[in-house]
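The opening position of the sequence shown corresponds to residue 8 in this note's numbering, with each subsequent residue numbered one higher.
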Amino acid sequence: MRIALFITCVNDTLFPRTGQAVVRLLERLGHEVVFPTEQTCCGQMHFNTGYRRDAQKLAVRFVRTFADHDVVLAPSGSCAAMIRDNYARLGRTGSRLERAAAEVAPRVLDLSELLVDVLGVTDVGAYFPHRVAYHPTCHGMRLLGLGDRPTRLLRAVRGLELVELADAEECCGFGGTFAVKNPDVSAAMGWDKARNVAATGAEVLCAVDNSCLMHIGGTLRRQRSGVRVMHLAEILASTEKEPAR
Numbered sequence: 008m009r010i011a012l013f014i015t016c017v018n019d020t021l022f023p024r025t026g027q028a029v030v031r032l033l034e035r036l037g038h039e040v041v042f043p044t045e046q047t048c049c050g051q052m053h054f055n056t057g058y059r060r061d062a063q064k065l066a067v068r069f070v071r072t073f074a075d076h077d078v079v080l081a082p083s084g085s086c087a088a089m090i091r092d093n094y095a096r097l098g099r100t101g102s103r104l105e106r107a108a109a110e111v112a113p114r115v116l117d118l119s120e121l122l123v124d125v126l127g128v129t130d131v132g133a134y135f136p137h138r139v140a141y142h143p144t145c146h147g148m149r150l151l152g153l154g155d156r157p158t159r160l161l162r163a164v165r166g167l168e169l170v171e172l173a174d175a176e177e178c179c180g181f182g183g184t185f186a187v188k189n190p191d192v193s194a195a196m197g198w199d200k201a202r203n204v205a206a207t208g209a210e211v212l213c214a215v216d217n218s219c220l221m222h223i224g225g226t227l228r229r230q231r232s233g234v235r236v237m238h239l240a241e242i243l244a245s246t247e248k249e250p251a252r
């Protein structure tokens, strides 16, 4: 299968290993990954802060860039949710943008959706001999409805021990611009989440959103817990010959 990668701003600028892991994983499974160079931001932060006209311009660019691709992988639950849940709302009823968004948006998938629903695999041949906790991010859980797809993939990884996280479905407090507008509340929520993660005895916290992992990971470091954070793609790309860093 030919899969277009929408890397997203956070991954491109701060977490390049996630994109590299996605490519290694999908190529190992026998698929072709292409990277349309015209891509930019999905417009989520513009939309969330009321700059709808700017978000609209980015939505137009996105649907134009990915119009000819049957499958678009976005290794970020929040960005995938922005495209699928909000793009059609940015255009007037019956507008070209609304029609184009309605056509392209359903093709935009999270990694776990692509692997489980489209490619039909849960065992991707990964090896990661570590104790792992999984944080279901708000966008992935509530808007994309990922359910147990990520944990099914993790349970199939050889050597991996998946441990239960208390209050797993509670928000970590990041919320993009929420963390900027409400820093004290955001920090308190992050502290609670990090404390629960540390209590699991996990070596690694996994999620499908690096933005949430950045927030929780920073708190874990301040708590000196020793827990690392890793995107799902990095764990699934790990093998005995090429272990995750």
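Yeah, the Cβ is synthetic: ideal placement off N, Cα and C, and Gly gets one too.
Mind checking which residues open and close the alpha helix (DSSP H) that includes R103? Stepping through the sequence shown from its first residue, residue 103 is reached at position 96. Looking at the DSSP string, the run of the alpha helix (DSSP H) that includes R103 is R103 to V111.
If we require 3 or more residues per run, which beta strand (DSSP E) segments fall completely within the stretch 49-137? Within the stretch 49-137, no run of beta strand (DSSP E) reaches 3 residues while sitting entirely inside it.
For the pair the stretch 93-110 and the stretch 15-31, tell me if three or more CB-CB distances fall below 8 Å. The stretch 93-110 is not in contact with the stretch 15-31.
Going by C-alpha to C-alpha distance, which of K64, T44, P43 and E45 sits closest to R53? On the sequence shown, residue 53 is found 46 positions in, with the first residue counted as 1. As written in the sequence, residue 53 is His, which differs from the Arg given in the question. Looking only at K64, T44, P43 and E45, the smallest Cα-Cα distance to H53 is reached by K64.
Helix, strand or coil for I14? Go by DSSP, reduced to three states. If you number the sequence shown from 1, residue 14 lands on position 7. Coil, per DSSP.
Please look up how many angstroms separate the CB atoms of D117 and A81, rounded, as I've assumed it's under 8 Å. Within the sequence shown, the letter at position 110 stands for residue 117. Within the sequence shown, the letter at position 74 stands for residue 81. D117 to A81, Cβ: 7 Å. Contact.
Around the C-beta of P143, are 16 or more other C-beta atoms found within 10 angstroms, so that it is buried, or is it exposed? For the purposes of this step, residue 143 is identified with residue 136 of the sequence shown, where counting begins at 1. Buried is the call here.
Assess, as a yes-or-no matter, whether the stretch 222-232 is touched by the stretch 155-170 under the definition of 3 or more beta carbon pairs within less than 8 Å. Result no; under three Cβ-Cβ pairs closer than 8 Å.
Grab the span of the alpha helix (DSSP H) containing M314 for me, first residue to last. Coverage of the chain is limited to positions 8 through 252, which leaves residue 314 absent and any answer about it impossible.
What three-state label does DSSP hand V30 in the structure shown? For the purposes of this step, residue 30 is identified with residue 23 of the sequence shown, where counting begins at 1. The answer is helix: DSSP assigns V30 an H, G or I state.
Rounded C-beta distance between F73 and V79? I'm assuming under 8 Å. Residue 73 sits at position 66 when you count from the first residue of the sequence shown. Residue 79 sits at position 72 when you count from the first residue of the sequence shown. The distance from the Cβ of F73 to that of V79 is about 5 Å, consistent with a contact at the 8 Å cut-off.
Between the alpha carbons of R231 and A240, how many angstroms are there, rounded? The residue given as residue 231 occupies position 224 in the sequence shown. The residue given as residue 240 occupies position 233 in the sequence shown. Going by C-alpha positions, R231 is about 25 Å away from A240.
Counting Cβ pairs closer than 8 Å, one from the stretch 121-135 and one from the stretch 233-247, do we hit at least three? The way I'd put it, the stretch 121-135 does touch the stretch 233-247; three or more beta-carbon pairs between them come closer than 8 Å.
Please list, in chain order, all residues of the same chain as A107 whose beta carbon is under 6 Å from its beta carbon, the five residues on each side excluded. If you number the sequence shown from 1, residue 107 lands on position 100. Around A107: V70.
I need the straight-line Cα distance from D19 to L220, nearest angstrom please. The count along the sequence shown starts at 1 and reaches residue 19 at position 12. The count along the sequence shown starts at 1 and reaches residue 220 at position 213. Each residue's CA atom was taken as its position, placing D19 and L220 some 15 Å apart.
Leaving out the 5 sequence neighbours to the left and right, which residues in its chain are closer than 6 Å to T56 when beta-carbon positions are compared? Residue mapping note: residue 56 aligns to position 49 of the sequence shown, counting from 1. These residues qualify, in order along the chain: T184.
When V204, E176 and R156 are compared against V170, the one with the closest alpha-carbon: One-based indexing of the sequence shown puts residue 170 at position 163. Of the residues V204, E176 and R156, the one whose Cα lies closest to the Cα of V170 is V204.
What do you reckon, are the CB atoms on S119 and D216 nearer than 7 Å? By one-based count along the sequence shown, residue 119 stands at place 112. By one-based count along the sequence shown, residue 216 stands at place 209. In this structure, D216 does not lie closer than 7 Å to S119 by Cβ.
In this structure, does DSSP put C179 in helix, strand or coil? Position 172 of the sequence shown, counting from 1, holds the residue named residue 179. C179 falls in the coil class under three-state DSSP.
Proximity below 7 Å, CB of E39 to CB of R9: Start at 1 with the first residue of the sequence shown, and residue 39 comes out as number 32. Start at 1 with the first residue of the sequence shown, and residue 9 comes out as number 2. Yes, the Cβ-Cβ distance between E39 and R9 is below 7 Å.
Skipping 5 residues on each side, what residues in its chain have a beta carbon closer than 6 Å to that of V131? Here residue 131 corresponds to residue number 124 of the sequence shown, with the count starting at 1. L243, listed in sequence order.
May I have the straight-line CA-CA distance separating E249 from R35, to the nearest angstrom? Reading the sequence shown from its first residue, position 242 is the one you call residue 249. Reading the sequence shown from its first residue, position 28 is the one you call residue 35. The C-alpha of E249 lies about 12 Å from the C-alpha of R35.
Can you tell me which residues form a DSSP beta bridge with R235? One-based indexing of the sequence shown puts residue 235 at position 228. Paired residue(s): V211.
According to DSSP, is A140 part of a helix, a strand, or is it coil? On the sequence shown, position 133 is the one that residue 140 refers to. Of the three classes helix, strand and coil, the one that applies to A140 here is strand, per DSSP.
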